[in-house]
Amino acid sequence: MARLIPNIHIEEISLKPERDVARILVKQLPDDVRVFHSYPWLRPDRNDRTGTITLKEGEADFLILWPELGLLVLEVKGGKIEYDADGRRWHRLLSNGGQRDIQDPFEQASKNLHEIVRRLKDQEYLGKNPPFAFGYAVVFPDCMYKGQMPPGADPAICLSAGDLKQMERRLKRALKSWSWQDPPRTIDKGELNKVLRVILPEFRLLPVLFRTIEEQEEALFRLTEGQIRLLDFLGSNTRVAIEGVAGSGKTMLALAQAERLAAQDRKTLLLCYNKRLASWLKESIPDDYRELIEVYHFHGLCSDWCRRAGVTFNPGVGDEVDFWRHEAAELFWQAIEALPERFDAVVVDEGQDFYADWWDPLELINADTEKGQLYVFYDPAQNLYNDMGSSIPALGEPFELTLNCRNTQAIAFTAGEVLHREIATHPRAPLGVDTEIVVEDAGEKAIRLLNGWVKEWVKKEGIMPSQIVILSPFKRANSSLKTRHHLSGVSLTEDMLSWRSNKEILFSTIRSFKGLEADIVIIIDVIEPGSMDIFSRADLYVACSRAKHLLKVVSQVDEGRFFGADGASSA
């Protein structure tokens, strides 16, 4: 029994003559024969007069691929058919006594065959004819014929109702009549695969990554009910601590609160720890509020006020670590006392990284000191710098943001596994793609891996460089990318402005990127968390939670050590 393609029930074929012929072909022809029903073709056709190119279409009633004999196009003309020899015209007799002109079935079969052979020549045989027999035949399942064949026809390729019971024998005769070899050359397995590649080309519709990210972005509701309640709460409270998990929108809400205060004509200090985050926040301030909102990272604020107050600010003298942790805040205090300027409100993001003695000058810089408006956003799990532990001012019971609304469920799950705790996501958050963790030492194999990902995303999937960031525990000079300036032809940069202008992929240390986010994050040079001061489990958690839609990890340790002794496998 031959195989019918497409794989449908024969009774689904709408035209009875074709349905009858299909049933006979499947029943009589050998098992290795493929019978393609209603096989379409489409090709561009040039108009010599106008020079325009339009598409020309056609369809073969049946295309028979017979490995033993060759390729045959079979045209079916059902009903009562007549041929007018004087006019060389074909027509079908209608039930009302009229007639309708039809195309010459032999010419039609020939055209269909040559279009299919042309495609084979172009795609698989370098412009030459296939080495096996190919031809066409016409079957009139409702008619018998007598007399001589019309021009363009031959008894070997003209089948009638009387031939239906011996269809296999008649089609063998037709194909042998087209063969220039005796016996006909068989189609071997390799050639059969070639022909099938053309007749049944692989066509797959794959979800494009940039569209997937766009759809997921719409599904990540940035303003949850908890966030709405918080903004309402902040409207009636002047001193509040807000504790939120990574991805809960703390930075966005800190910015929103600063803008709300500025809208009330309050001069507001928006402060964070991370220099790059401060730069991003500054860019995000609407023009209407730029005179009322000043954005700093803490040490930048210390340095700027000391300079304006004439207080010497020199981190290169003495113990540099002690300078940044404690002495800078003391010098800042002196600068505040020397300058008359104050703020009506202070909004702090990344509060978990602030040391206890930093809060005193921040109270002093507030116009109402300890009674002034102060809003502190923090996440104890993201404490990367304060070895004394988070020390948030006594602002009452913190307002908690427990839902992650930045990451897909898959990424939030990975971040939670790093901390050995569940991170709740918004009920409508997209599932996303599972985190991929590849165990590979830093070297050429790791570089090839990064090249492959970047090539796939940027050159095939429509992803922009500004959607990708590569994070490492180490500065670039000490990372596995220290000698690399490009990945798959796309430049690498450490400059945020260049990255945001969509020119290059950003390389950053994990700590420098804290508070920021990207659609796609690759974490490289992963060592066992806690084995070095610069890479704790909190660092790994921060790194994973920076990815909004896709997270890839190149780790030098296996997943067990990546997640810790009590951790589970990746998402």
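Residues in the sequence shown are numbered consecutively from 1, following this note's numbering. Even glycine gets a Cβ: it sits at the ideal position worked out from N, Cα and C.
{"Query": "When the Cβ atoms of the stretch 82-95 are set against those of the stretch 179-190, are three or more pairs found closer than 8 Å?", "Result": "no"}
{"Query": "Thinking just about the alpha-carbon of each residue, which of ALA345, TRP358, ASP349 is nearest to the one in GLY372?", "Result": "ALA345"}
{"Query": "Going straight from the alpha carbon of ASN383 to that of VAL198, what length do you get?", "Result": "59 Å"}
{"Query": "Starting from the Cα of ILE534, find the closest Cα among HIS485, ASP104, PHE474 and give me that residue.", "Result": "PHE474"}
{"Query": "Grouping DSSP H, G and I as helix and E and B as strand, with all else coil, what is PRO30?", "Result": "coil"}
{"Query": "Measure the beta-carbon distance from LEU395 to ARG239 and round it to whole angstroms, keeping in mind my assumption that it falls under 8 Å.", "Result": "5 Å"}
{"Query": "Short of 6 Å in beta carbon distance, which residues of its chain neighbour PRO393, apart from the five on each side in sequence? Order them along the chain.", "Result": "TRP359"}
{"Query": "Which residue marks the beginning of the alpha helix (DSSP H) containing SER177, and which one marks its end?", "Result": "167-178"}
{"Query": "Ignore the nearest five residues each way along the sequence and tell me which others in ARG100's own chain have a CB closer than 8 Å to its CB.", "Result": "HIS91, ARG92, LEU94"}
{"Query": "Nearest CA to the CA of THR425: which residue from SER248, LYS172, PHE132, LEU234?", "Result": "SER248"}
{"Query": "Can you have a look at ILE524 and say buried or exposed, based on whether 16 or more other CB atoms are within 10 angstroms of its CB?", "Result": "buried"}
{"Query": "To the nearest whole angstrom, what separates the beta carbons of SER545 and ALA415, a pair I think is in contact under 8 Å?", "Result": "4 Å"}
{"Query": "Which class does LEU450 belong to by DSSP, given the choice of helix, strand or coil?", "Result": "helix"}
{"Query": "Comparing alpha-carbon positions, which option in ASP519, VAL542, ALA518 lies nearest PRO529?", "Result": "VAL542"}
{"Query": "Which residue comes first and which comes last in the alpha helix (DSSP H) that contains ASP539?", "Result": "537-545"}
{"Query": "For the beta strand (DSSP E) containing ASP61, name the first residue and the last one.", "Result": "53-66"}
{"Query": "Measure the C-alpha to C-alpha separation of SER536 and PHE563 and round it to an integer number of angstroms.", "Result": "12 Å"}
{"Query": "In chain order, what are the residue ranges of uninterrupted beta strand (DSSP E) at least 3 long that sit wholly in the stretch 63-113?", "Result": "70-76, 81-84, 89-93, 99-102"}
{"Query": "Taking 8 Å as the threshold (C-beta atoms), are GLY78 and PRO141 in contact?", "Result": "yes"}
{"Query": "Check this for me: beta carbons of ALA137 and LEU171, under 8 Å apart or not?", "Result": "yes"}
{"Query": "The beta strand (DSSP E) with CYS272 in it runs from where to where?", "Result": "268-272"}
{"Query": "Could you tell me which of PHE323, GLU320, ASN366 sits nearest to GLU341, measuring between CA atoms?", "Result": "ASN366"}
{"Query": "Let me check understanding here. Comparing Cα to Cα, which of SER466, SER472, LYS250, LEU431 lies closest to ALA442?", "Result": "SER472"}
{"Query": "Report the rounded CA-to-CA distance for ALA538 versus ARG43, giving the unit in angstroms.", "Result": "60 Å"}
{"Query": "Kindly give me the distance between the Cβ atoms of TYR378 and LEU234, rounded to whole angstroms, as I take these residues to be in contact under 8 Å.", "Result": "Incorrect: roughly 15 Å between the Cβ atoms, too far for contact."}
{"Query": "Going by DSSP, what residue range makes up the alpha helix (DSSP H) through GLY416?", "Result": "409-419"}
{"Query": "Going by DSSP, what residues sit across from PHE36 in a beta bridge?", "Result": "ILE5, LEU63"}
{"Query": "The beta strand (DSSP E) spanning LEU493 covers which residue range?", "Result": "In the sequence on display, residue 493 carries Thr and not Leu. Note, THR493: beta strand (DSSP E), 490-493."}
{"Query": "Starting from the Cα of ALA2, find the closest Cα among GLY147, ASP32, LEU431 and give me that residue.", "Result": "ASP32"}
{"Query": "Can you have a look at ASP20 and say buried or exposed, based on whether 16 or more other CB atoms are within 10 angstroms of its CB?", "Result": "buried"}
{"Query": "For ALA241 and PRO398, which I take to be in contact (beta-carbon distance under 8 Å), what is that distance rounded to the nearest angstrom?", "Result": "4 Å"}
{"Query": "Can you give me the start and stop residues for the beta strand (DSSP E) that ASP525 sits inside?", "Result": "518-526"}
{"Query": "Reducing DSSP to helix, strand and coil, say where GLY462 ends up.", "Result": "coil"}
{"Query": "Check VAL21 in the structure and name its three-state DSSP category.", "Result": "helix"}
{"Query": "Report buried or exposed for VAL554, applying the criterion of at least 16 other Cβ atoms within 10 angstroms of its Cβ.", "Result": "buried"}
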